[in-house]
Amino acid sequence: MDDVLVDILVRLPPSCIGRCRVVCRAWRAATSTPSFDRAHAARCPPAAAATVTPEYPIRYRHAASVRFAFSPCRWYTDNLRERGHRPSALPLSGVAGKVASTEAIGSWGGIVCAQLLVKSEINSAGSVSYLLWNTLTGAWTTVSAPAGDGRIIGGYSHPATGRFHLLHSSDEAAPSVGRNRNLVAPITFRVLRVGDNTGWREVPMGQALLAASKTFMFMSRDRDRLAHRPVTLHGNLHWLVQLVTGGVALLVFDTSTEEFRFMPAPARKELMELRKTRLGVLPAGKLCIFALEEPRGKDAMEMWVLDDYSPSSRRSSSWRLRERIKTVAPDRTDLSVTFMDPAAEVEVVEGVEGAEEIFLRLASRIDAYSVRYKWWGNVTIVEEASLVMHRDSLLPGDISFGDAVRVLLQGNTLRQRG
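So the sequence shown is numbered by this note's numbering: it starts at 31 and just counts up by one.
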C-alpha cells in the first residue's frame, strides 16, 4: 500500500505536495524523504530559469532584499519578463552587515545559491557569505565562506540524509594550455554540511587525483566563479576539466563516499580545448558534451551523449555523436564566439511538447536551439541579472539546513527555528 501511495503522490505537481503533508503523518513521512524528492525530480525536468537581482532602497547603496524571478524553460519569441514569471523576494534583514552585491552562482538539489558581499563597520572591504534558499518551501539560511581564497564549485543534497552540502575549492593560477587562459589548478577541496557546527572540513583528493595532481585544471570565469559549472547526475557532481597533456576529461565527485575520480571524454580532436566544450544533462537523464567542430570555418558544434553511465569506467566508447548543430543564429550572429566566451552558459531543458532545447546564454541574451525543429530562436532576460537553471525541491527546510534553517512566511516575515 505504501508503494502505491508513493507512486500516486510522486505524480503530483510540487505545489500540491505541501497540502498532502498536512493530511496525515503517513503522507508527510512519505513525501519528506530524499528518495521521494529524487523520484519526483526525475519526473519534473528543470522548470525555471532563476535570475537574481539585488533591490536597493532609495538613497541607499546596500541591498535590502534579493529578488529571484523564475521563468518557465520554454522558448518564447518575446521577453521572458512577459511570460509566467514567479517573482520572489527574500529580505536580507537577517544577514549580519550590509549587503553590497549579490550574484547567483548555482542551483543544486532545488537550492538556489547566491554569493553575497557583506560589509560591516569592522570589515569595510567586505566578506563573502552564501545565501541558500529553497524557493518552494521558503526555507533559507546563510553560511560564511572558508578562510583564504577560492570559490564554490558545487552543492548537493546528501543522497541518504537530504542535508545540503557546499563544495569549495582553493586554487592557484595555472599556465595557459593552448589557447585556454584563465585556468586555475585546485589545491584543496573543502565541504560544509549546512546546519552543523563542525564548519568546513577538507576532503582528500584521493589516489587518482594525487597521481595526476597537476594534470587537470578548472577554467575560471572571474575571481569568484567557474566558467564550467558542475552538472548533477545519479547523485554525483561532474565537471569538465583541462588536461595539461592535451584534451579534456570529466572530474566526478561521488556525494555518498566523498571521493573524486576521472571519467574519459570522447576521443575527438574537438575535445582538446576546454574553452570549446560544455557539459550538460539531457532531460532523459544522460550526460552530454557540446564541442565546437574543427576547423573553425565549419560553424557547427557536436553534441555527444553518454549512453552507458559508469563513473568508474576508463573507456570512452560509450559516448555517441548524436547531433551536429549549426552555430549561426537567424540574425547571422556567430554563436561559436558566444560559446567560447568564459561567461557563456549552456543548459539543456525540456521544451515544448517534450522536445529538448539547448539554451546558450551570455549577458542579457539567450539563444535557444530546438533539437526537434533544428533552428535557433532568441530570448532576452532581465538586464544585469545572473542566471541559473533551477529545479524545485520538496525537502522540508529542517532536513536540508538542520538547525540553521529559517523560513520565509507570507508577508515576508522571517522565522528562525528554535
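C-beta: ideal position from N, C-alpha, C; glycine also.
For the 8 Å Cβ check, are there 3 or more pairs between the stretch 134-142 and the stretch 175-193? They touch, by the three-pair rule.
Name the DSSP beta bridge partners of H195, please? Here H195 is bridged, per DSSP, to Y186, R223.
Throw me the rounded Cβ distance for the A295 and V278 pair, which I believe falls under 8 Å. That pair is a contact at about 5 Å.
Neighbourhood of V358 by C-beta, 6 Å cutoff - its chain only, sequence neighbours within 5 removed: D329
Please find out if some non-hydrogen atom of the ligand PLP comes closer than 6 Å to the beta-carbon of G229. Annotation note on the ligand PLP: not contained in the displayed structure, which lists no ligands.
Among S150, L280, Y186, R305, which has the Cα closest to the Cα of L425? Y186
Between A144, T171, G127, which has its C-alpha nearest V96's C-alpha? Measuring from the Cα of V96, the nearest candidate turns out to be A144.
Measure the beta-carbon distance from I429 to G168 and round it to whole angstroms, keeping in mind my assumption that it falls under 8 Å. So it is not a contact: roughly 14 Å between Cβ atoms.
Mapping the DSSP letters down to three states, classify D32 as helix, strand or coil. helix
Name the two residues that bound the continuous alpha helix (DSSP H) containing S430. 427-431
By the DSSP assignment, the alpha helix (DSSP H) with R58 in it spans what residues? Taken as a continuous stretch (DSSP letters only), the alpha helix (DSSP H) holding R58 covers 55-60.
Where does R41 sit, in a helix, a strand or coil, going by DSSP? coil
On the DSSP letters alone, give me the boundaries of the beta strand (DSSP E) that T262 sits inside. Its beta strand (DSSP E) spans residues 261-263.
Is DSSP giving P360 helix, strand or coil here? Assigned with DSSP and collapsed to three states, P360 falls in coil, not helix or strand.
Is the beta carbon of H268 closer than 7 Å to that of L280? Taking 7 Å as the Cβ cut-off, L280 and H268 qualify as a contacting pair.
Give me the residue from N266, R220, V221, D201 with the minimum Cα distance to V214. D201
Bounding residues of the alpha helix (DSSP H) (the contiguous stretch that carries L162): Not the alpha helix (DSSP H): L162 falls in the beta strand (DSSP E), residues 157-163.
Cutoff 6 Å; reference I88; Cβ partners in own chain excluding five residues on either side: Bear in mind that a pLDDT of 49 at I88, under 50, signals an unreliable position, so the model cannot answer this.
Span of the alpha helix (DSSP H), counted from its first residue to its last, around S131: Element bounds for S131: not the alpha helix (DSSP H) but the beta strand (DSSP E), 128-138.
C-alpha distance - R350 paired with V437, whole-angstrom precision: 45 Å
State the Cα-Cα distance for the pair A434 and R68, rounded to the nearest angstrom. When rounded, the distance between both Cα atoms is 23 Å.
Mind checking which residues open and close the alpha helix (DSSP H) that includes M370? 365-370
My guess is that R421 and A204 are in contact by the Cβ rule of under 8 Å, so how many angstroms apart are they, rounded? Their Cβ separation, rounded to whole angstroms, is 32 Å, which puts R421 and A204 out of contact at 8 Å.
Would you mind sorting D32 into buried or exposed? The rule is 16 or more other CB atoms within 10 Å of its CB. exposed
Taking V376 as the reference, give the member of V335, A297, T307 with the closest Cα. T307
Straight-line CA distance for R231 to F290? One C-alpha to the other measures close to 16 Å.
Distance between R55 and R253 (C-alpha atoms, nearest Å): Note that R253 scores 48 on pLDDT, short of 50, meaning its location in the model is unreliable and no value can be drawn from it.
With DSSP collapsed to three states, give me the class of H420. Reduced to three states, the DSSP call for H420 is strand.
Does the separation of the CB atoms of S400 and E380 fall below 7 Å? no
Which of helix, strand or coil does DSSP assign to D284? strand
Can you list, in chain order, the residues of its chain whose CB lies under 8 Å from that of L47, leaving out five sequence neighbours each side? It should be pointed out that residue 47 corresponds to Ile in this sequence rather than to Leu. So the qualifying residues of the chain are L39, T61, H70, L424.
Between the alpha carbons of F431 and G225, how many angstroms are there, rounded? Rounded to whole angstroms, F431 to G225 spans 5 Å at the Cα level.
Going by other Cβ atoms of all chains shown within 10 Å of its Cβ, with 16 needed for buried, is D361 buried or exposed? exposed
Buried or exposed, going by whether 16 or more other CB atoms sit within 10 Å of the CB of V367? exposed
Shortest alpha-carbon distance to S286 belongs to which of E303, A190, R354? A190
When DSSP labels each residue in this structure, what does D201 get in the three-state scheme? strand
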